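S.K.: If you want my numbering, it's the 1-based position in the sequence shown plus 1. Glycine is no exception: its CB is placed at the ideal position from the N, C-alpha and C atoms. The structure presented is a predicted model; accordingly, all values stated were derived computationally and were not measured.
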Amino acid sequence: MDLLEYQGKQFFASFAIPVSDGRAVDTVAEAVDAAEAVGYPVVVKAQVHVGGRGKAGGVKLATTEEEMREHAGNILGMDIKGHTVRIVWVEHASDIAEEYYASFTLDRSEKKHMGMLSAQGGVEIETVAENDPDAIAKIWIDPIEGLDEPSARAWVVAAKLDPDATDGTVDILLKLYRAYTEGDADLVEINPLIVKTDGAVHALDAKVTLDNNAEYRHEWGDYELTQVRDDREQAAHTAGLQYVGLDGNVGIIANGAGLAMSTLDVVNQVGGEPANFLDVGGGADADKFVAALRIIDNDPRVQSIFINIFGGITRGEEVANGIIAALDRIDIGSPIVIRLDGTNADEGHDILRPHLSDKLQMQPTMLDAARKVVELAGSN
Ligand code: GDP
Ligand code: MN
Numbered sequence: 002m003d004l005l006e007y008q009g010k011q012f013f014a015s016f017a018i019p020v021s022d023g024r025a026v027d028t029v030a031e032a033v034d035a036a037e038a039v040g041y042p043v044v045v046k047a048q049v050h051v052g053g054r055g056k057a058g059g060v061k062l063a064t065t066e067e068e069m070r071e072h073a074g075n076i077l078g079m080d081i082k083g084h085t086v087r088i089v090w091v092e093h094a095s096d097i098a099e100e101y102y103a104s105f106t107l108d109r110s111e112k113k114h115m116g117m118l119s120a121q122g123g124v125e126i127e128t129v130a131e132n133d134p135d136a137i138a139k140i141w142i143d144p145i146e147g148l149d150e151p152s153a154r155a156w157v158v159a160a161k162l163d164p165d166a167t168d169g170t171v172d173i174l175l176k177l178y179r180a181y182t183e184g185d186a187d188l189v190e191i192n193p194l195i196v197k198t199d200g201a202v203h204a205l206d207a208k209v210t211l212d213n214n215a216e217y218r219h220e221w222g223d224y225e226l227t228q229v230r231d232d233r234e235q236a237a238h239t240a241g242l243q244y245v246g247l248d249g250n251v252g253i254i255a256n257g258a259g260l261a262m263s264t265l266d267v268v269n270q271v272g273g274e275p276a277n278f279l280d281v282g283g284g285a286d287a288d289k290f291v292a293a294l295r296i297i298d299n300d301p302r303v304q305s306i307f308i309n310i311f312g313g314i315t316r317g318e319e320v321a322n323g324i325i326a327a328l329d330r331i332d333i334g335s336p337i338v339i340r341l342d343g344t345n346a347d348e349g350h351d352i353l354r355p356h357l358s359d360k361l362q363m364q365p366t367m368l369d370a371a372r373k374v375v376e377l378a379g380s381n
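#1: Would you check whether ligand 4 has a heavy atom nearer than 7 Å to the C-beta of LYS10?
#2: Using 8 Å as the threshold, is the C-beta distance between LEU188 and SER104 below it?
#3: Tell me which residues share the same chain as GLU318 and place their Cβ nearer than 6 Å to its Cβ, disregarding the 5 neighbours each side in the sequence.
#4: Report whether the distance from the Cβ of GLY52 to the nearest heavy atom of ligand 2 is below 7 Å.
#5: How far does the beta strand (DSSP E) with MET115 in it reach, from first residue to last?
#6: Flag this pair as yes or no: are the beta carbons of GLY83 and LYS208 separated by less than 8 Å?
#7: Using CA atoms only, rank isn't needed, just tell me which of GLU220, ASP286, GLY241 is closest to ASN322.
#8: By Cβ distance, which residues of its chain are closer than 6 Å to LYS289, with the 5 residues on each side in sequence left out?
#9: Mapping the DSSP letters down to three states, classify GLN362 as helix, strand or coil.
#10: Please say whether ALA136 and THR198 have beta carbons closer to each other than 8 Å?
#11: Considering only the alpha carbon of each residue, which of LEU226, ASP27, ASN213, LEU361 lies closest to MET79?
#12: Going by the CB atoms, is the gap between LEU77 and VAL29 shorter than 8 Å?
#13: Quick one, are the C-beta atoms of VAL86 and ALA36 less than 8 Å apart?
#14: What do you reckon, are the CB atoms on ASN192 and MET2 nearer than 8 Å?
#15: How many Å lie between ALA240 and LEU279 at the Cα?
#16: Measure the C-alpha to C-alpha separation of ILE306 and ILE325 and round it to an integer number of angstroms.
#17: Hey, how far is the Cα of LEU260 from the Cα of PHE13?
#18: Touch check for the segment 166-177 and the segment 138-158: three-plus C-beta pairs under 8 Å?
#19: Taking DSSP as the reference, what is the three-state secondary structure of ASN75?
#20: For the beta strand (DSSP E) that GLN48 lies in, which residues bound it at each end?
#21: How should ALA258 be labelled, buried or exposed, when 16 other C-beta atoms within 10 angstroms of its C-beta is the threshold for buried?
#22: Just mark LEU4 as buried or exposed, buried being the case when its beta carbon has 16 or more other beta carbons within 10 Å.
#23: When the Cα atoms are used, what is the spatial distance from VAL20 to VAL338?
#24: Since I believe GLU225 is in contact with ASN250 (beta carbons under 8 Å), could you give me their beta-carbon distance rounded to a whole number of angstroms?
#25: Going straight from the alpha carbon of ASP359 to that of LYS373, what length do you get?
#26: In this structure, how does DSSP classify GLU6 when only helix, strand and coil are distinguished?
#27: Rounding to the nearest angstrom, what Cα-Cα distance links GLY283 and LEU361 in this structure?
#28: Can you round the beta-carbon distance between HIS72 and VAL39 to whole angstroms, since I take them to be within the 8 Å contact cut?
#29: Taking 8 Å as the limit between beta carbons, can you name the residues of its chain near VAL291, skipping five residues before and five after?
#30: Roughly how many angstroms separate the alpha carbons of TYR336 and LEU357, rounded to a whole number?
#31: Tell me whether VAL20, by its Cβ, gets closer than 7 Å to a heavy atom of ligand 1.
#32: Report whether the distance from the Cβ of GLU146 to the nearest heavy atom of ligand 1 is below 7 Å.
#33: Is ALA14 close to ligand 1? I mean its beta-carbon at under 7 Å from any heavy atom of the ligand.
#34: Starting from the Cα of ASP133, find the closest Cα among LEU148, LEU107, ALA160, TRP141 and give me that residue.
#35: Measuring from the CB of PRO193, is there a heavy atom of ligand 2 at a distance below 7 Å?
#36: Which residues mark the beginning and the end of the beta strand (DSSP E) in which ARG218 is found?
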């Protein structure tokens with residue numbers, strides 16, 4: 002789950018990372034009150050789930066109430082890369098001496114956390130990586146050992162920041178690492194991390210992605226409220242399914258995220274376009290197939306449906322029974338192609354066979370099933 006900047010700043014503040022005093026509001030009148038409360042000059046910032054707001058005109062400085070009205074009026078309702086601005090964050094403006102970049106994320110190939118720090122902040126890190134890769138100091142952190150002060154200090158020195166900012170930056174990096182690990186984030190990014198003219202180091206922006214799997218041990222209800230999902234994703238979320246909406250016409254149901262992703266690849270490989278990613282998870286509950294099939298069949302884009310199951314702990318006959326029970330309970334408009342392999346696949350096939358028709362087909366391999374389902378999507 003991606004947080005808006007102001008939520009990211011609340012998240013940071015709960016780990017004692019210094020951020021500016023501000024208010025999140027959704028009307029011009031409230032924005033003016035907020036500016037009054039935090040004190041001019043203020044910065045008005047569009048709250049959307051995309052970066053580059055500054056360049057798009059979504060970050061403005063206001064020194065008077067009149068300017069405040071004008072900027073808040075312009076930014077509320079603005080479209081930034083397809084995202085409509087409904088909330089603005091108004092914070093007391095900072096006097097900036099330096100703009101740095103700092104982040105932590107997971108480096109899956111190294112099986113470690115990776116920190117990135119650069120004296121070239123305020124611009125997109127991808128641009129820095131391209132133009133001047135040596136300007137980014139990286140650190141890899143063993144998740145068991147964590148990040149200690151001496152390592153953080155050496156890392157800051159390697160990034161060639163202003164030496165006067167070393168202590169403040171080390172302090173923030175240690176807190177940011179705690180926020181990233183204890184807060185169960187997949188990504189925390191501060192761009193820019195600023196040194197103010199008075200020397201204080203401070204987070205001027207916040208980009209945070211939380212790990213949804215850890216939701217049960219946190220109070221993330223408020224963050225949920227501002228999540229933007231399309232109708233399909235909302236329905237899937239309510240049903241507790243791992244679903245991502247895409248633009249193609251082949252509906253996909255698979256068990257396991259890895260298999261679901263491979264299924265997208267294979268459908269693409271044979272010239273088809275997936276309408277979604279959907280992982281039904283383990284087990285073979287008919288309820289789960291009912292929920293999954295409903296969401297996919299309600300999608301007007303969908304012309305055919307690919308159910309791709311690899312039996313592991315859940316055996317083939319259990320899955321087959323689950324699918325048949327689900328199809329008994331609901332009417333599905335699009336033809337379905339099933340590929341069932343793995344543990345007790347033969348027993349599963351025996352259960353499915355009597356139910357096969359033009360609308361429910363079975364194929365022996367993933368590739369055959371992909372070809373068939375793409376063919377059906379085209380002719381429908
Ligand atoms: P982004 O464009 O979406 O990354 O939004 P940021 O929050 O990073 O703001 C973009 C830029 O606006 C920053 O890099 C700063 O240069 C500028 N900016 C934001 N807040 C302030 C502030 O309080 N004072 C000053 N002087 N500039 C600011
Ligand atoms: Mn930024």
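M.R.: This is what the structure holds:
#1: With respect to ligand 4, the structure offers nothing, as its ligand set consists of ligand 1 and ligand 2.
#2: Going by C-beta atoms, LEU188 is nearer than 8 Å to SER104.
#3: Within the same chain, GLU318 has close Cβ partners ASN345, GLU348, GLY349, ILE352.
#4: Yes - ligand 2 has a heavy atom lying nearer than 7 Å to the Cβ of GLY52.
#5: Counting along the chain, the beta strand (DSSP E) containing MET115 begins and ends at 113-119.
#6: In this structure, LYS208 does not lie closer than 8 Å to GLY83 by Cβ.
#7: Across the set GLU220, ASP286, GLY241, the C-alpha of ASP286 shows the shortest separation from the C-alpha of ASN322.
#8: Once the five neighbours on either side are set aside, the close Cβ partners of LYS289 are VAL281.
#9: DSSP places GLN362 in strand when its eight states are reduced to three.
#10: In this structure, ALA136 does not lie closer than 8 Å to THR198 by Cβ.
#11: The closest CA to that of MET79, considering only LEU226, ASP27, ASN213, LEU361, is found on ASP27.
#12: Cβ distance < 8 Å, so VAL29 and LEU77 count as in contact.
#13: Contact: no.
#14: Using a Cβ distance threshold of 8 Å, ASN192 and MET2 do not count as a contacting pair.
#15: Each residue's Cα considered, the two are about 12 Å apart.
#16: If you draw a straight line from the Cα of ILE306 to the Cα of ILE325, it is about 15 Å long.
#17: When rounded, the distance between both Cα atoms is 36 Å.
#18: Touching, yes, given that three or more Cβ pairs across the two stretches are closer than 8 Å.
#19: In the three-state scheme derived from DSSP, where H, G and I count as helix and E and B as strand, ASN75 is classed as helix.
#20: For GLN48, there is no enclosing beta strand (DSSP E), as DSSP marks it with neither H nor E.
#21: By the neighbour-count rule (16 or more Cβ atoms within 10 Å), ALA258 is not buried but exposed.
#22: Classification for LEU4: buried.
#23: Per the coordinates, the alpha-carbon of VAL20 lies some 53 Å from the alpha-carbon of VAL338.
#24: No, ASN250 and GLU225 are not in contact; Cβ-Cβ is about 30 Å, not under 8 Å.
#25: ASP359 and LYS373 have their C-alpha atoms spaced approximately 11 Å apart.
#26: Under the three-state reduction of DSSP output, GLU6 falls in the helix class.
#27: In this structure, the straight-line span from the alpha carbon of GLY283 to that of LEU361 is close to 22 Å.
#28: Beta-carbon to beta-carbon, HIS72 and VAL39 are separated by about 14 Å, too far to satisfy the 8 Å threshold.
#29: The residues are ALA327, ARG330, ILE331.
#30: In the sequence under discussion, the amino acid at residue 336 is Pro, which differs from the Tyr named in the question. Take the alpha-carbon of PRO336 and the one of LEU357: they are about 11 Å apart.
#31: Taking non-hydrogen atoms of ligand 1 into account, the C-beta of VAL20 is found less than 7 Å away from none of them.
#32: Checking the Cβ of GLU146 against ligand 1 gives no.
#33: Short note on ALA14: C-beta not closer than 7 Å to any heavy atom of ligand 1.
#34: It is ALA160.
#35: Yes; taking the cut-off as 7 Å, the Cβ of PRO193 has a heavy atom of ligand 2 nearer than that.
#36: Element bounds for ARG218: n/a, residue is neither H nor E.
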